[in-house]
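One rule links them: number in our numbering = place in the sequence shown (from 1) + 18.
Glycine included, each C-beta is placed from N, C-alpha and C at the ideal position.
What follows is a single structure, written as structure tokens, with notes after it.
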Amino acid sequence: MEKKEKYQGIIPAFYACYDERGEVDPDRVEALTRHMIGKGVKGLYVGGSSGECIYHTVEERKLTLEHVMKEARGKLTVIAHVACNNTAQSRELAAHAESLGVDAIAAIPPIYFHLPEYAIAAYWNDISAAAPRTDFLIYNIPQLAGVALTLPLLREMKKNLRVRGVKNSSMPVQDIQMFKMEGGEDFVVFNGPDEQLTAGLAMGADGGIGGTYGVMPELYLRIKELMDAGRIREARDIQNRVDAIIYKMCSCKGNLYAVIKKILSIREGLELGGVRAPLPNLFPEDMDTVRECVSMIDEAAERFC
19 MEKKEKYQGI IPAFYACYDE RGEVDPDRVE ALTRHMIGKG VKGLYVGGSS GECIYHTVEE
79 RKLTLEHVMK EARGKLTVIA HVACNNTAQS RELAAHAESL GVDAIAAIPP IYFHLPEYAI
139 AAYWNDISAA APRTDFLIYN IPQLAGVALT LPLLREMKKN LRVRGVKNSS MPVQDIQMFK
199 MEGGEDFVVF NGPDEQLTAG LAMGADGGIG GTYGVMPELY LRIKELMDAG RIREARDIQN
259 RVDAIIYKMC SCKGNLYAVI KKILSIREGL ELGGVRAPLP NLFPEDMDTV RECVSMIDEA
319 AERFC
């Protein structure tokens, strides 16, 4: 794939895959990877929020990526999120990801302590230096990280020639336009918030990386197809339906990813386990809503795809 083309499209965020004891299950990791390949997505974003990365050990994160790459190498673009809340372990994951041949690594800024921008740049550059032959993506998610990517920080990071773009999960779609304008023609910006993929693409995003893409990839793929064809009204109709499904999934008492994994079990026969504590698993009273979500996805897929 061409340098930029491999980053243009729908890239689901990969879900944590557990066995019945709550341990990372390599067989289920491979099964989910094969499933996504079969759905025709552009790539996978491994080890991010949807992968419950902050609740995994370094070894668990390595194990997951190894088994994704076993199935995905040469078939999908793979972006590995490698950030930990310390530089040494982040560098360890970056070097490991490069050894497996991923297309890019990505990192959020360190959380909890509010660092000055020069320290965030040093952290990102230290991580990138541990994978010197691999593209680097900045992950901007200020609502969770507690710090936002600014233009001065982006300009500093662009001095690193491995920095290829931004996974932008801030809510203002204006940020996508701003980062694209600052980055230049070859700079990649992904839309992060699933609820505004259509708007993000309209503002110039090259593609999307999202946590709910994996549970209904056909709908997001159709949105991208329609937006590429300039059929904005049709894409917006699907986006509205997708958003209604997201809101319904989020109405459960259990965690969103527990809901998603149950839907995948019902719709696709994929068993991925639950979620890791302290994330709450499904409650019995969630099941009616889960079944309603299954029906909503089925109906939308039949109508639009």
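- Item | For T230 and A31, the rounded distance between their alpha carbons | 8 angstroms
- Item | Residues that V100 bridges to, as DSSP identifies them | Paired residue(s): none; V100 is not in a bridge.
- Task: With a 10 Å radius around its C-beta and 16 neighbouring C-beta atoms as the bar for buried, classify L169 as buried or exposed.
- Result: exposed
- Message: Could you check whether the stretch 256-275 touches the stretch 49-59, counting it as contact only if at least three pairs of C-beta atoms, one from each stretch, sit closer than 8 angstroms?
- Response: no
- Using beta-carbon positions only, say whether E48 and H85 come within less than 7 angstroms of one another. yes
- Tell me which same chain residues have a C-beta within less than 6 angstroms of the C-beta of L297, skipping the five on either side of it? N273
- Message: Check for me: the beta strand (DSSP E) holding E201 runs from which residue to which?
- Response: According to the sequence provided, residue 201 is Gly. The question's Glu does not apply to it. Per DSSP, G201 belongs to no beta strand (DSSP E); it is in the alpha helix (DSSP H), 192-201.
- Task: Classify G229 as helix, strand or coil using the three-state DSSP reduction.
- Result: coil
- Could you say which of L215, Y157, V100, R251 lies nearest to V238 if we only look at CA atoms? Looking at the sequence provided, one finds Tyr at residue 238 rather than Val. Of the candidates L215, Y157, V100, R251, the one whose C-alpha sits nearest the C-alpha of Y238 is L215.
- Check whether P127 and V165 have beta carbons under 7 angstroms apart: yes
- Just confirm the distance between the C-beta atoms of G291 and K279, as a whole number of angstroms; I'd bet it's less than 8 angstroms. 7 angstroms
- Item | Nearest residue (CA-CA) to F154, options D144, A140, V181 | V181
- Task: Mind reading off the beta-carbon distance from G225 to I29? Whole number of angstroms is fine, and I expect it under 8 angstroms.
- Result: 6 angstroms
- Query: When you compare only the Cα positions, how much space is there between I315 and M245?
  - Reply: 20 angstroms
- Which runs of the beta strand (DSSP E), 3 residues or longer, sit entirely within the stretch 67-135? 95-99, 122-125
- Task: Check C31 in the structure and name its three-state DSSP category.
- Result: This sequence places Ala at residue 31; Cys is not what is there. Strand.
- What's the C-alpha gap between E23 and D204? 10 angstroms
- Message: Quick check: the Cα distance between A318 and P150, rounded to an integer number of angstroms?
- Response: 43 angstroms
- Which residues mark the beginning and the end of the alpha helix (DSSP H) in which V312 is found? 305-322
- So what's I264 in DSSP terms, helix, strand or just coil? helix
- Identified DSSP bridge partners for T155: One point to set straight first is that residue 155 is Leu, not Thr, in the sequence displayed. DSSP lists A124, G183 as partners of L155.
- In this structure, does DSSP put L288 in helix, strand or coil? coil
- Message: How far does the alpha helix (DSSP H) with L62 in it extend, from its first residue to its last?
- Response: That residue, L62, is in no alpha helix (DSSP H); its beta strand (DSSP E) goes 61-64.
- Query: Does DSSP put V293 in a helix, a strand or coil?
  - Reply: coil
- State the Cα-Cα distance for the pair Y63 and A34, rounded to the nearest angstrom. 12 angstroms
- Query: In chain order, what residues of the same chain have a beta carbon less than 7 angstroms from the beta carbon of R91, not counting five sequence neighbours either side?
  - Reply: G119
- Item | As assigned by DSSP and simplified to three states, the class of V13 | A question about residue 13 goes unanswered here, because the residues of the chain that appear run from 19 up to 323.
- Task: Look at the alpha carbon of I123 and the alpha carbon of G218, and state the distance between them as a whole number of angstroms.
- Result: 22 angstroms
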